[in-house]
Structures are given as C-alpha cells and as structure tokens.
Amino acid sequence: MTLFTLLAASNPVTEIAEQFGVDWWKFLSQCISFSIVAFVLHKFAYQPILQVLEERRKKIAEGLANAEEIKKQLAAAQQQAAEFLSKANADAQRVIDDAKSAAKSLQERESQRAVMEAEQIINKAREATTREHAKMLADLKREVARLVIDTTAKVTGKVLSDADQRRLSEEAAKELAA
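Each step along the sequence shown adds one to the number in the numbering used here, with nothing skipped, and position 55 is 67.
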C-alpha cells in the first residue's frame, strides 16, 4: 500500500500518468510479464545462442591456428623438397662427372691400346717385309748365281764342276751385296 500512497500523493509524475490514462496495476502486471518473458528468453534462447556463437568463434580460431600450422608445415615441406632436389642435383652432377672422367680414362686406355696394337702391327709388317726382302734377296742371289753358272757354262762351252759352281755363286753374291 505504500505504493498506492506514493502514487496517490500529488506529484508531477502522478498527474502526468493520470492525464495519459496509466493504470498502475496493469502497468505493474505488464512489467512483471515482461520480466518473466525476458528471463525465459535470456535463459533458454539468448544463452544458447551465445554458447553457439562462442563455440563457432573457438572453431574459427582453431581453424585459423590449424591453417597457420599447415602453412608452416607446407613451408617446411617445400624447403625439404628444395634441399632434396638440390642434393639430388648435386649427386646427379657428381655421377655425370664420374662417368665423364671414367669415359675419358677409358678412351685414353683404349687409345693407348690401339696405338700399341698399331705399333705391333707395324712392327710385324716391318718384320714380314724384312723377311720377304731377305727371302727375295736369297732367291735373287740363287737365280743370279744360276744364271751366271748357266751363262758361264754356255760361254765357255764346258760343264762346270761343283767347286766352280760354288765359287761363281759366291762371287755373284758378293757382287750383288756390294
């Protein structure tokens, strides 16, 4: 009742409220109804929405953190790949250089072997030529000796003995050698 006595007293708020036709019992019941609805909405609608929003904010923050971590991992993986490629390139270059040096040494060995074989062939050819030359000279000496003996026998008209034939043959050989 103190509320009514306050309201019943003449003050400017009461006068304005009476002019606008305010019914204090209805106003009070509407305030209580509004408070109940606001409490229920706050408890069962606003709080769950805030929780959902908070969960979404956390998920977004986690997603951003994961994205940042993935960026770091990607950068590390790219760096490792670059290091691996540079190492592979260095290894490949080393293998190529080794192959070139092996090919060069093989080429040098084969060239030396070919030169040695060519020298052997030339030496064999020289020896064969020398032998053939010696054989031809021997054949020539025999033929010349035979011709000298035949010619001497025909010119002299007598048959030469073995000693005469040997002596004439030796003289012809000496003449050919000089």
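Yeah, the Cβ is synthetic: ideal placement off N, Cα and C, and Gly gets one too.
Taking residue i as part of the alpha helix (DSSP H), name the residues at either end of that continuous run.
i      : result
His145 : Gln59 to Thr168
Any idea if residue i is buried or exposed, counting beta-carbon neighbours within 10 angstroms, 16 or more meaning buried?
i      : result
Ala157 : buried
Ala115 : exposed
Glu80  : exposed
Ala184 : buried
Ala94  : exposed
Leu18  : Here Leu18 scores only 49 on pLDDT, less than 50, and its place in the model is too uncertain to base an answer on.
Quick check: is the beta carbon of residue i nearer than 8 Å to any beta carbon in chain C?
i     : result
Ser45 : Although the question refers to chain C, the structure presented lacks it and comprises just one protein chain.
Can you check the stretch 22-57 for any alpha helix (DSSP H) of at least 4 residues that lies completely inside it and give the ranges in chain order? Restricted to the stretch 22-57, the alpha helix (DSSP H) segments that are unbroken, complete and at least 4 residues in length are 24-32 and 36-53, listed in chain order.
>> Measuring CB atoms only, is the stretch 156-165 touching the stretch 180-187, in the sense that at least three cross pairs come out at less than 8 Å?
In response: Touching, per the Cβ criterion.
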